[in-house]
Structure formats: structure tokens, C-alpha cells
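A.B. asks:
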Amino acid sequence: MPVVLVVNSGSSSFKYQLIEMDGERVLASGLVERIGEGEGRAEHRTAGESFPVSQDIPDHTAGFGLMIDAFAAHGPSLEQNPPVAVGHRVVHGGARFFEATVIDDLVEINIDDLSVLAPLHNPGALQGIRAARRAFADVPHVAVFDTAFHQTMPPAAYTYALDRATAEKHRIRRYGFHGTSHKFVSEAAAAHLGRPLAELKQIVFHLGNGASAAAIDGGRSVDTSMGFTPLEGLVMGTRTGDIDPAILIHLQRRAGLTTRELDDLLNKRSGLVGLAGANDMRDLTARAEAGDVAARLAIDVYTHRLRAYAGAYLAQLGGADVISFTAGVGENSPHIREAALRGLEFAGVELDAERNEGARRGEITRISTDSSRVAVLVVPTDEEVEIARQAFAAARD
Ligand code: AMP
2 MPVVLVVNSG SSSFKYQLIE MDGERVLASG LVERIGEGEG RAEHRTAGES
52 FPVSQDIPDH TAGFGLMIDA FAAHGPSLEQ NPPVAVGHRV VHGGARFFEA
102 TVIDDLVEIN IDDLSVLAPL HNPGALQGIR AARRAFADVP HVAVFDTAFH
152 QTMPPAAYTY ALDRATAEKH RIRRYGFHGT SHKFVSEAAA AHLGRPLAEL
202 KQIVFHLGNG ASAAAIDGGR SVDTSMGFTP LEGLVMGTRT GDIDPAILIH
252 LQRRAGLTTR ELDDLLNKRS GLVGLAGAND MRDLTARAEA GDVAARLAID
302 VYTHRLRAYA GAYLAQLGGA DVISFTAGVG ENSPHIREAA LRGLEFAGVE
352 LDAERNEGAR RGEITRISTD SSRVAVLVVP TDEEVEIARQ AFAAARD
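Here our numbering runs 1 ahead of the position in the sequence shown, where the first position is 1.
Given below as C-alpha cells:
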């Protein structure tokens, strides 16, 4: 039974899952955190049990050592289930990586070079990759990029109307993110409907703490709401999404905000948190129902933007066959799903209120009426399984 190890590394932590490919079952998972920060912590989970340890973890190499010890002590045995591939989540693949790629030294250099575009993410991924390649030296390691799925966007969708020379010099274009999730969800939706992916026009709303929409034609991404960075597009937990960029210039000029302060304002202190002081949609919905004006406005701004993107992508695709909702908010909030699609009856979207309310966590559910021209689905995303699938396939090629 082939198994794949999936690793998602940041600069001071990494998460892992060991996935058995035949049933796409998670055999074990875990987390190593506070690497290089004094008192580190690791937790290995298997079959309902969890095994935490606290100790100094000076670097990623020590972290992988702890992980391997945990597999040896608590199972499953990596000697009996040696991974056939290690799949690494990498946020930014730039314009270079359009598919999952077996990692060699040149690929490492390219991921490092792309740190200019993703300074918060690629360096951490690379530290994990280097340590994991040492720990599992005989196994192919595969980089699976968040941006890769969106590399099929046409130039009209990925080009900003910015001075060409400046844009080219600084590699400024729309890249799009959450690609692993958009790919997984659009394929799961087609399979659920029993229809060929190649025939379907799909819109996917990935609504988690970060949020993005994608227009997918025949399984290929043709537009997405996140852009040069994950800041663009939908309203998110703490990020603005689309705003007039002149606001930055204004705040710099008038309020004297520094680059760091602007970054912090747009990425960490805006979105739902900025509007209503909280980013958990459960709290916001409850507060709005109790008459809280700020929470009501936050939800209204959030869903207004969702409708705007739904309309834009219906236009780009020439109508849709499927609209799917995924991630924390998308999978759990009937209210947001309903508000996102309100007024789209003209485009063939008809929600079934009972199905929408009844959609159960972890299950793929159709929430449109039987007569709705557009099938509306709730699809639980699984980025780790998608990374495992892509790593498994790339390692076999
Ligand atoms: P994610 O990034 O996919 O883990 O999504 C996290 C977000 O999902 C949280 O910030 C919450 O706003 C939202 N969320 C999680 N559970 C629920 C729920 N039961 N109802 C509404 N929103 C939820």
C-alpha cells in the first residue's frame, strides 16, 4: 500500500500527514512548532490518540528528527510503510512552475529566487524541504505550488494595466493562490455530479480566513480573485481584499504611515477584524442577528463582494454549470452562502433553503433545487490529499 508524506513548512513550524494512497486515508498527522524559539513543541497524532512533547528544537532538521522518532515510538512504522514520495506545499511558484515538480537542487534555487515574491512563505518552505530531503534522502520530494493551478489564466486575466516595463522588471502580474484547493474542489464537484470535468464551467469560492474565488473552464483556471499577493479580491478575516490603491498613497502622504504600517493595516488589521473586531463568522453572524450594527455591515460588505465576483465570473465564463463553496466559512455558513448568491436567479441559480441549512460538515452536498440550472455545492476541501495525489503522480512520472 503506497503512502505519501505531506509536509507544510513555515519558518518556525511544520505540519505533516502520512496518507495511504489507496483509500486516501490519513494514517498519522502532526505538528512541530516554535522551531528555533527556545521551548519547542511537537505533537504526533495517530488513530485518535495524540502524543505531545516539549523540548528545544533548534532547527528544521531537529524537527524532522523528532517527527521520525514519533513515528518510531507511536506508529505507524515508516520502515514498514516507507513513503514513496514526500509532497511539500510551496506558496509561490511564480510564472516558472505550472505543475507539481520533483525537487532537485535547481528547483530549490528557483524556489529560493521566488522568495522575493513571497518573503513570508517561500523561505520557510525551503527550510523544510532541505531538512526533509536530508531526512528522507532516497525518496522523491515534490513541490506542489499554491499558484500552479492558476498558470492557465490567459494574459488578459493575469496582466495588470500597469506600465509594462515596471511590471516586467518586478515580475508584477496576477499569480493567484489557493490553487491546490480550487483544483481539488472543482474535480470533486465534477465527480460528485458524475459529469466530465472538461465540459463544466465552474466557480469555486474558497472562504476560509483567507478567501478567494476562481473561474474554472473545463478544469482550467481562467480567472481568480487573489493577485500578485493573497491580499487582492474578496474580503477576508483580516485582509482588505480589493481597495483603491490610491488609499495607500493617501495614507502615506496624509497620515505618514510607513511601508510596514501599511502592510500591517492591509493584511492584519482590516477585513472582518477591521470592520467588526472579529474574524470568526459564527460570532459575527450571531452578533448581527442580535442587532450589532458593525457586525451587520461587515457581513454585508463581505457578501456584496462575493456577489460582485460571482457576477464577474458568470460573465467571464458565459454562465456556470457549478458553483461550489469550501473552507471554514464556505463549508459551515448557510447564511453566507445564501447571501452570496442572492439575486442570481436570472443566471439560473436557485438555492434550496432546506438543503442549504442541512448541509453537513465533511460531506459533499448539493444545495440547489433539482430544477436549478446551476448546481450549487458545498465541497469540503482537502489540500493535503491533493498535495499527496500530485506528489504521488509526479514521483511516478
Ligand atoms: P479556514 O481558514 O478554512 O480554517 O477557515 C477559518 C474560518 O472559518 C474562521 O475564521 C471562521 O470564520 C470560519 N468558520 C469555522 N467554522 C464556522 C462555522 N461553524 N460557521 C461559520 N464560520 C465558521
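All C-beta atoms in this analysis are idealised placements derived from N, C-alpha and C, irrespective of residue type, glycine included. This one's a predicted model, so the numbers in the text were calculated from it and none came from an experiment.
(1) Less than 6 Å between C-beta atoms, sequence neighbours within five positions excluded: which residues of the same chain meet that for residue 129?
(2) On the criterion of 16 or more Cβ atoms from any shown chain inside 10 Å, does residue 200 qualify as buried, or is it exposed?
(3) So, using beta-carbon positions, are residue 238 and residue 212 closer together than 9 Å?
(4) Report the option in 144, 70 and 74 whose CA atom is closest to the CA atom of residue 106.
(5) Looking only at its own chain, which residues have a Cβ that is under 8 Å from the Cβ of residue 293, when we skip the five neighbours before and after it?
(6) Going by DSSP in three states, residue 284 sits in which element: helix, strand or coil?
(7) Assign residue 366 to one of two classes, buried (16 or more other C-beta atoms within 10 Å of its C-beta) or exposed (fewer than that).
(8) Give every residue whose Cβ lies closer than 6 Å to any heavy atom of ligand 1, listed in chain order.
(9) Is the beta carbon of residue 75 closer than 9 Å to that of residue 93?
(10) Taking the beta carbon of residue 184 as the centre, do at least 16 other beta carbons fall within 10 Å, making it buried, or is it exposed?
(11) Within 10 Å of its beta-carbon, does residue 372 have 16 or more other beta-carbons around it, so buried, or fewer, so exposed?
(12) Nearest to residue 339 by alpha carbon, out of 328, 305 and 315?
(13) Using DSSP bridges, identify the partner residues of residue 80.
(14) Flag this pair as yes or no: are the beta carbons of residue 299 and residue 224 separated by less than 9 Å?
(15) Report the CB separation of residue 375 from residue 324 in whole angstroms; it is logged as a contact under 8 Å.
(16) Could you check the C-alpha separation between residue 197 and residue 186 for me, to the nearest Å?
(17) Tell me whether residue 351 sits in a helix, a strand or coil according to DSSP, three-state version.
(18) Do residue 117 and residue 172 have their CB atoms nearer than 9 Å?
(19) Once you ignore the five residues that flank residue 244 on each side, which residues in its own chain have a CB closer than 8 Å to its CB?
(20) Can you name the start and end residues of the alpha helix (DSSP H) that residue 112 belongs to?
C.D. replies: Once the coordinates are examined:
(1) Only residues of its own chain outside the window of five on either side were considered, and among them 8, 10, 15 and 61 have a CB closer than 6 Å to the CB of residue 129, listed in chain order.
(2) An exposed status is given to residue 200, since fewer than 16 other beta-carbon atoms sit within 10 Å of its beta-carbon.
(3) yes
(4) 144
(5) 277
(6) Annotated three-state conformation of residue 284 is helix, per DSSP.
(7) buried
(8) In chain order, the hits are 209, 210, 238, 280, 281, 282, 283, 328, 329, 330, 333 and 334.
(9) no
(10) Buried is the call here.
(11) exposed
(12) 305
(13) Beta-bridge partners of residue 80 (DSSP): none assigned.
(14) no
(15) 6 Å
(16) 14 Å
(17) Three-state DSSP puts residue 351 in coil, outside helix and strand.
(18) Yes, the Cβ-Cβ distance between residue 117 and residue 172 is below 9 Å.
(19) The residues are 267.
(20) 106–114
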